[in-house]
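J.: I have a structure here, written as structure tokens, and I will follow up with some questions on it.
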Amino acid sequence: MPNFVKTALLYLTGYARIIILIGIGLIAFSLWSQWKASDENAYVQRDRLQTVSGFVKTASEITVTRKRGGSQRYYQIELTPGDGGEAMELRISFSVPRGSVSNLIEENVTALFDSSDNNFIYEVAIDGEDAPEITYEATRDRLLAAAKDTADSFSGAIFWFISIALIAAGGAGIALQRKLQAEPASEPQPDKS
Numbered sequence: 007m008p009n010f011v012k013t014a015l016l017y018l019t020g021y022a023r024i025i026i027l028i029g030i031g032l033i034a035f036s037l038w039s040q041w042k043a044s045d046e047n048a049y050v051q052r053d054r055l056q057t058v059s060g061f062v063k064t065a066s067e068i069t070v071t072r073k074r075g076g077s078q079r080y081y082q083i084e085l086t087p088g089d090g091g092e093a094m095e096l097r098i099s100f101s102v103p104r105g106s107v108s109n110l111i112e113e114n115v116t117a118l119f120d121s122s123d124n125n126f127i128y129e130v131a132i133d134g135e136d137a138p139e140i141t142y143e144a145t146r147d148r149l150l151a152a153a154k155d156t157a158d159s160f161s162g163a164i165f166w167f168i169s170i171a172l173i174a175a176g177g178a179g180i181a182l183q184r185k186l187q188a189e190p191a192s193e194p195q196p197d198k199s
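Position in the sequence shown counted from 1, then plus 6, gives you the numbering used here.
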């Protein structure tokens, strides 16, 4: 085998370990998304949420754009706690109807939120009304459906086939690299003319 071909193959097979890691990472992400979609992990149980009561001053729509593309949209309300504490910014899922968020402005409310998830609101009730404006059950169902959609998109047969094919291609690359490194370099043949 000519030296330039061997050098090119050694260069290309140098990426074999990275290809294996990508395949393993895809499988790990698929398993994580399946775990996340289970009932216990897609949302926070009601008894683990914090409660705050106060006056909602403003509500706004926020769009966060990421450097690598994509964006996240949510509503944010500014709530002044009734006990005179510092104003809090609480997030509401963008899938909640805009009218429900608008109904909270200039009202005294009681909210259940998750402080470990950027103050994400699960339930909001306007003081003096019978039913909550945003219910815990509706938020739980939305979060569970979103987690199941993600899990379904990363657990199909084609996704697993690609992951396993990447691992196999990486393994073949490592085997070829070792074989090429074990071969002695070919000497140029003298011209017999």
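Every residue, glycine too, gets a C-beta built ideally from N, C-alpha and C.
Touching or not, the segment 158-176 and the segment 20-37, by the rule of three or more beta carbon pairs under 8 Å?
T.: Yes, the segment 158-176 is in contact with the segment 20-37.
J.: Distance check for Tyr-17 and Gly-126, CA to CA, integer angstroms please.
T.: Looking at the sequence shown, residue 126 is not Gly but Phe. Cα-Cα distance, rounded: 48 Å.
J.: With a threshold of 8 Å on Cβ separation, who are the neighbours of Lys-42 within its own chain once the five nearest residues in sequence on each side are excluded?
T.: Contacts found: Ala-48, Ala-153, Thr-156 and Ala-157.
J.: Please tell me whether Glu-189 has its Cβ less than 8 Å away from any Cβ of chain D.
T.: Given the protein chain composition of this structure (a single chain), no chain D is represented.
J.: Evaluate the contact criterion for the segment 56-75 versus the segment 179-186: three or more CB pairs, one atom per stretch, below 8 Å.
T.: Taking 8 Å as the limit for Cβ pairs, the verdict is that the segment 179-186 does not touch the segment 56-75.
J.: Hey, could you find the ends of the alpha helix (DSSP H) Asn-124 is sitting in?
T.: Premise fails: Asn-124 is in no alpha helix (DSSP H) and is neither H nor E.
J.: Using the Cβ count rule (16 or more neighbours within 10 Å means buried), how would you classify Val-4?
T.: An answer regarding residue 4 cannot be provided, because it is not within the stretch 7 to 199 covered by the chain.
J.: Could you check which residue in Lys-185, Thr-116, Arg-184 and Asp-53 has the C-alpha nearest to that of Ile-83?
T.: Comparing Cα positions, the closest option is Thr-116.
J.: Would you list the residues sitting across from Phe-61 in a DSSP beta bridge?
T.: DSSP lists Thr-86 and Asn-114 as partners of Phe-61.
J.: What residues in its chain sit with their C-beta under 6 Å from that of Ile-33, if we drop five residues either side in the sequence?
T.: Result list for Ile-33: Ser-169, in chain order.
J.: Mark Ile-164 as exposed unless 16 or more other C-beta atoms lie within 10 angstroms of its C-beta, in which case mark it buried.
T.: It counts as exposed.
J.: Sort Ser-108, Asn-114 and Arg-148 by Cα distance to Gly-134 and report the nearest one.
T.: Selected option, being the one with the closest Cα: Asn-114.
J.: Could you say if the segment 96-110 and the segment 140-150 meet the contact criterion of at least three C-beta pairs nearer than 8 Å?
T.: The segment 96-110 vs the segment 140-150: in contact.
J.: How big is the Cα-Cα spacing for Asn-9 and Tyr-21?
T.: Their backbone Cα atoms lie some 19 Å apart in a straight line.
J.: If Asp-123 and Leu-55 are in contact, beta carbons under 8 Å, what's the gap, nearest whole angstrom?
T.: Asp-123 to Leu-55, Cβ: 10 Å. No contact.
J.: Report the three-state DSSP secondary structure of Ser-36 (helix, strand or coil).
T.: Helix.
J.: Per DSSP, what are the beta-bridge partners of Ile-98 in this structure?
T.: Paired residues: Tyr-81.
J.: Can you tell me whether DSSP reads Ser-159 as helix, strand or coil?
T.: Note: Ser-159 maps to helix in three-state DSSP.
J.: Could you check if Ile-140 is buried or exposed, using at least 16 other CB atoms within 10 Å of its CB as the buried criterion?
T.: So Ile-140 counts as buried.
J.: For Ser-66, which residues from the same chain have a beta carbon less than 6 Å from its beta carbon, with the 5 sequence-adjacent residues on both sides left out?
T.: If we look at Ser-66 and ignore the five residues flanking it on each side, its Cβ neighbours are Gln-82.
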